[in-house]
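Participant: Before anything else, here's the structure in question.
Number of protein chains: 2
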Amino acid sequence: MNFADRLHAAIQAKGTPALVGLDPRWDQLPAELKTKAATAGGTQFEIQARAFEEFCLRILDVIADRIAVVKPQSAFFEDSGPAGVLALQRVIRAARDKGLLVICDGKRGDIGSTAEAYARAYLAGSDPDSAPFAADALTVNPYLGADTLQPFVDRAVECGGGIYVLVRTSNPGSGEFQNRETQGQRLYQRVGEVVETLNQTQASNAAYGPIGAVVGATYPEELGELRALMPHTPLLIPGYGSQGGTSADTAAGFDVQGLGAVVNSSRGIIFAYRKGQFAEFGEDSWEAAIDAATSAMIADLAAHTTAGQLQSGRQA
Amino acid sequence: MNFADRLHAAIQAKGTPALVGLDPRWDQLPAELKTKAATAGGTQFEIQARAFEEFCLRILDVIADRIAVVKPQSAFFEDSGPAGVLALQRVIRAARDKGLLVICDGKRGDIGSTAEAYARAYLAGSDPDSAPFAADALTVNPYLGADTLQPFVDRAVECGGGIYVLVRTSNPGSGEFQNRETQGQRLYQRVGEVVETLNQTQASNAAYGPIGAVVGATYPEELGELRALMPHTPLLIPGYGSQGGTSADTAAGFDVQGLGAVVNSSRGIIFAYRKGQFAEFGEDSWEAAIDAATSAMIADLAAHTTAGQLQSGRQA
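This is how it looks when you write it as structure tokens:
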């Protein structure tokens, strides 16, 4: 089954396009986890990696019944060295064992056979045993050119996996290169066209192809424009929550059925105990804070986007 | 000491800007290493990782007396999962222990605190103990915008490390986005300007700053143009050898002293036994083939670029 079909089946089963980003940060981790990890000994990197793994696994326990997709951020695991990378591998595997789809956020990209190596490393698609980091999908950077996307596309098609190409990112300075006027259109528009064309080649009669695009909620007008420009392209929308994007800002990313997009929240969910409306739970109840923040995000998206259609579809 | 000063001291000491890329590929590895690694048992990934590590360490033994800088390609290690990433860490450390500078070719890039995590993970600069993957420098992708380069710049300045920003890559399709005309210049020219400006902010009175640029030998005219546009920016030039670039194609990347650039060869050196003029050594003498290919590259660069000045400077 192609990635978009698997993705949409999972979203419809859970009734929400909410995506939880797994971005473990040592300085924000509940003290309970740090202490426990330190007790087992080892280097500081091994301790961090152990704490990150437990943190992520316990997050999965809280959210797996309601959330379809998670997105571990590779950087935070690499920051603990090989021990952290081993924790990443285990977290991906645990998420898949719970029936979740996993988008590994590595923003990889390279040329030719090097891109093939990254694709082999991360894209397992429908068979978790087919890649060491058994993700369903991987985020990919397009700067090197479409020829460097092709090895990822080929592997994704082969394994039922997907990629999400950076098109219009959520950070304040993302327009510096992405928004430059270039030969009658903006650079991000041209990248978006290239991605959509890849899907039209792959999609046959499917509504969506396996090549997604990252488009930030922090630029809602451009999100709507890209949704129209890329009708066969699934979107990954970062920037909701802590980065300032609202559910209304994400609305233009969805189709009438509530499909075609997933909306990421990382800190706003996993560190909900630290600030904002769920801080009242306190550090000892960090999992309850995650639970409440997850429910609130699902409800918020359902109330202000066509994702509300998913809920009624699910009840039917 | 700033990265460019450390880099140039190392290049002057060895008398060559030749850079050896460590890109281990299982299907091209000498059978001797595969067999030995398999004998020790474990999963296929563990066997690959073990063979990659020995391959790279033995390459280092052959080249360390003549080469100043090596560039391990992260993708080929990640392709073996956490075991491969552990091998990458060990190879980087071994190279540094032999006095080599290490550019980790990870082409990383992300926003804000995520970029900080990558910088912490890879950039050790002058103190190998200050990062888990103890590289002197890291390759970085600019598509997300200059605000996302800043955490790498800050860490590089702090630790005496460097980054190499992708500007004009060596692959056939690199012009697709990089060469687009945008507001009176090409995209790669704009990225180059941004990089040069970062160096002018950092360089004080130094000739070169810590923020390098990747510019392919496969586009020699653009290499010369970028050398002129970026007088404070050290260049990393891929595309020599197997990808078709010649020493003459790299000449425009150097200053009159033979500094300001390093030229990468990966397959042409490390798999010299497999094809080309050093294939006569045969698989059993793969290290002798590497030895001969290394000497030939050094001589070729000295004969056709100002890198010849380094040799005479060294003898003086």
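Sequence lines, in order, name chains A and B. Taking my numbering, I'd label the letters of the first sequence as residues 65 to 380. Taking my numbering, I'd label the letters of the second sequence as residues 65 to 380. Note that beta-carbon positions come from the ideal geometry of N, C-alpha and C, so glycine has one too. Remember, it's a predicted structure, so these values are computed and weren't measured experimentally.
Skipping 5 residues on each side, what residues in its chain have a beta carbon closer than 7 Å to that of V259 (chain A)?
Facilitator: Translated into positions along the first sequence, residue 259 (chain A) becomes position 195. Correct list, in chain order: V229, V231, I275, A277, M294, T297.
Participant: Once the 5 residues before and after V221 (chain A) are set aside, which same chain residues still bring their CB inside 7 Å of it?
Facilitator: For the purposes of this step, residue 221 (chain A) is identified with residue 157 of the first sequence, where counting begins at 1. Answer for V221 (chain A): Q266, P274, listed in chain order.
Participant: Can you name the residues of chain A whose CB is closer than 7 Å to the CB of Q153 (chain B)?
Facilitator: Position 89 of the second sequence, counted from the first residue, corresponds to residue 153 (chain B). Per Cβ cutoff of 7 Å: G145, P146.
Participant: Hey, how far is the Cα of Q379 (chain B) from the Cα of G170 (chain A)?
Facilitator: Numbered from its first residue, the second sequence carries residue 379 (chain B) at position 315. Numbered from its first residue, the first sequence carries residue 170 (chain A) at position 106. Here Q379 (chain B) scores only 49 on pLDDT, less than 50, and its place in the model should not be relied on; the value that follows carries that caveat. Looking at the backbone, the Cα of Q379 (chain B) and that of G170 (chain A) are separated by about 46 Å.
Participant: Would a check of beta-carbon distances place P192 (chain B) closer than 8 Å to chain A?
Facilitator: To locate residue 192 (chain B), count along the second sequence from 1; it is residue 128. By this cut-off, P192 (chain B) is not an interface position.
Participant: Examine the Cβ distances between the stretch 113-130 of chain A and the stretch 144-162 of chain A and report whether three or more of them are shorter than 8 Å.
Facilitator: yes
Participant: Nearest CA to the CA of K162 (chain A): which residue from A:F140, A:I123, A:S138, A:D313?
Facilitator: As a first step, residue 162 (chain A) must be located in the first sequence, where it is residue number 98. Checked all of A:F140, A:I123, A:S138, A:D313; the closest Cα to K162 (chain A) is A:I123.
Participant: Say whether chain A places a C-beta atom closer than 8 Å to the C-beta of P284 (chain B).
Facilitator: In the second sequence, counting from the first residue as 1, residue 284 (chain B) sits at position 220. Not an interface residue.
Participant: I believe A82 (chain A) touches I131 (chain A) by the beta-carbon criterion, under 8 Å. Please report the beta-carbon distance rounded to the nearest angstrom.
Facilitator: Residue 82 (chain A) sits at position 18 when you count from the first residue of the first sequence. Residue 131 (chain A) sits at position 67 when you count from the first residue of the first sequence. Their Cβ separation, rounded to whole angstroms, is 6 Å, which keeps A82 (chain A) and I131 (chain A) in contact under 8 Å.
Participant: Using Cβ-Cβ distances below 8 Å, what residues of the stretch 226-260 of chain B are close to chain A?
Facilitator: L230, T233, S234, N235, P236, G237, S238, G239, E240, F241, Q242, R244, E245, T246, Q247, L251, R254, V255, V258
Participant: Quick one: is V217 (chain A) buried, meaning 16 or more other Cβ sit within 10 Å of its Cβ, or exposed?
Facilitator: Position 153 of the first sequence, counted from the start, is the residue given in the question as residue 217 (chain A). Buried: at least 16 other Cβ atoms inside 10 Å.
Participant: Taking G332 (chain A) and S349 (chain A) to be in contact with their CB atoms under 8 Å, please state how far apart those CB atoms are, rounded to whole angstroms.
Facilitator: One-based indexing of the first sequence puts residue 332 (chain A) at position 268. One-based indexing of the first sequence puts residue 349 (chain A) at position 285. Not really, about 17 Å apart at Cβ, beyond 8 Å.
Participant: Under a three-way DSSP split, which group does G303 (chain A) fall into?
Facilitator: Counting from one through the first sequence, the residue named residue 303 (chain A) turns up at place 239. For G303 (chain A), the secondary structure class from DSSP, reduced to helix, strand or coil, is coil.
Participant: Mind checking which residues open and close the alpha helix (DSSP H) that includes T99 (chain B)?
Facilitator: As a first step, residue 99 (chain B) must be located in the second sequence, where it is residue number 35. It spans 95-103 - the alpha helix (DSSP H) in which T99 (chain B) sits, taken as one unbroken run.
Participant: Can you tell me where the alpha helix (DSSP H) with Y252 (chain A) in it begins and where it stops?
Facilitator: Within the first sequence, the letter at position 188 stands for residue 252 (chain A). First-last of the alpha helix (DSSP H) with Y252 (chain A): 251-266.
Participant: May I ask you to report which of helix, strand or coil DSSP gives A380 (chain A)?
Facilitator: As a working note, residue 380 (chain A) is residue 316 in the first sequence. Only weak support exists for where A380 (chain A) lies, its pLDDT of 44 falling under 50; the value from the coordinates is given anyway. The answer is coil: DSSP assigns A380 (chain A) none of H, G, I, E or B.
Participant: Got a sec: is the Cβ-Cβ distance from R184 (chain B) to anything in chain A below 8 Å?
Facilitator: Numbered from its first residue, the second sequence carries residue 184 (chain B) at position 120. Among the residues facing chain A, R184 (chain B) is included, as its CB has a counterpart in that chain under 8 Å away.
Participant: Could you check the C-alpha separation between Q242 (chain B) and L208 (chain A) for me, to the nearest Å?
Facilitator: On the second sequence, position 178 is the one that residue 242 (chain B) refers to. On the first sequence, position 144 is the one that residue 208 (chain A) refers to. Rounded to the nearest angstrom, the two C-alpha atoms are 7 Å apart.
Participant: Taking the alpha-carbon positions, what's the L121 (chain A) to M65 (chain B) distance?
Facilitator: Indexing the first sequence from 1 puts residue 121 (chain A) at position 57. Indexing the second sequence from 1 puts residue 65 (chain B) at position 1. Computed Cα separation, rounded: 43 Å.
Participant: Could I get the ranges of all uninterrupted alpha helix (DSSP H) runs contained in the stretch 142-225 of chain B, with 4 residues as the minimum, in chain order?
Facilitator: 145-161, 176-186, 210-223
Participant: Look at the Cβ atom of D193 (chain B), then the Cβ atom of C223 (chain B), and state whether they are nearer than 8 Å.
Facilitator: Indexing the second sequence from 1 puts residue 193 (chain B) at position 129. Indexing the second sequence from 1 puts residue 223 (chain B) at position 159. No, the pair does not count as a contact, with Cβ atoms beyond the cut-off.
Participant: Relative to chain A, which residues along the stretch 166-178 of chain B have a C-beta separation below 9 Å, given in chain order?
Facilitator: D169, G170, K171, R172, G173, D174, I175, G176, S177, T178
Participant: Quick check on S349 (chain B): does DSSP put it in helix, strand or coil?
Facilitator: Within the second sequence, residue 349 (chain B) is the residue found at index 285, counting from 1. Residue state, collapsed to three classes: helix.
Participant: Which residue marks the beginning of the beta strand (DSSP E) containing V279 (chain B), and which one marks its end?
Facilitator: Counted from its first residue, the second sequence places residue 279 (chain B) at position 215. Looking at the DSSP string, the run of the beta strand (DSSP E) that includes V279 (chain B) is 275-279.
Participant: Identify the continuous beta strand (DSSP E) that holds K135 (chain B) and give its terminal residues.
Facilitator: Numbered from its first residue, the second sequence carries residue 135 (chain B) at position 71. Counting along the chain, the beta strand (DSSP E) containing K135 (chain B) begins and ends at 133-136.
Participant: Please specify which runs of the alpha helix (DSSP H), each continuous and at least 4 residues long, are wholly inside the stretch 306-364 of chain A, giving them in chain order.
Facilitator: 311-314, 331-334
Participant: Name the chain A residues that come within less than 7 Å of F109 (chain B), Cβ to Cβ?
Facilitator: The sequence position of residue 109 (chain B) within the second sequence is 45, counting from 1. Simply P196.
Participant: The alpha helix (DSSP H) with A128 (chain B) in it runs from where to where?
Facilitator: Numbered from 1 along the second sequence, position 64 holds the residue referred to as residue 128 (chain B). DSSP places A128 (chain B) outside any alpha helix (DSSP H), giving it a letter other than H or E.
Participant: Given a threshold of 16 other Cβ atoms within 10 Å of its Cβ, counted over all protein chains shown, does V204 (chain B) qualify as buried or as exposed?
Facilitator: Looking up residue 204 (chain B) in the second sequence gives position 140. The residue is buried, with at least 16 neighbouring Cβ atoms inside 10 Å.
Participant: Less than 8 Å between the C-beta atoms of T369 (chain A) and S311 (chain A), yes or no?
Facilitator: To locate residue 369 (chain A), count along the first sequence from 1; it is residue 305. To locate residue 311 (chain A), count along the first sequence from 1; it is residue 247. Yes, the pair counts as a contact, with Cβ atoms nearer than the cut-off.
Participant: Please identify, using Cβ separations under 8 Å, the residues of the stretch 120-145 of chain B that lie next to chain E, in order along the chain.
Facilitator: Structure shown: chain E not included; protein chains present are A and B.
Participant: Report all residues from its chain with a CB closer than 6 Å to the CB of D313 (chain B); omit the five preceding and five following residues, and keep chain order.
Facilitator: For this step, residue 313 (chain B) is matched to residue 249 along the second sequence. Result list for D313 (chain B): A281, P284, in chain order.
Participant: Given a cut-off of 8 Å on the beta-carbon distance, is the pair Q112 (chain A) and G148 (chain A) in contact?
Facilitator: For the purposes of this step, residue 112 (chain A) is identified with residue 48 of the first sequence, where counting begins at 1. For the purposes of this step, residue 148 (chain A) is identified with residue 84 of the first sequence, where counting begins at 1. Yes, they are a contact pair.
Participant: Is there a C-beta anywhere in chain A that falls below 8 Å from the one on A210 (chain B)?
Facilitator: As a first step, residue 210 (chain B) is located in the second sequence; it is residue number 146 there, counting from the start. Answer yes: the Cβ-Cβ gap between A210 (chain B) and chain A drops below 8 Å somewhere.
Participant: Can you tell me which residues form a DSSP beta bridge with A82 (chain A)?
Facilitator: As a first step, residue 82 (chain A) must be located in the first sequence, where it is residue number 18. Per DSSP, A:V327.
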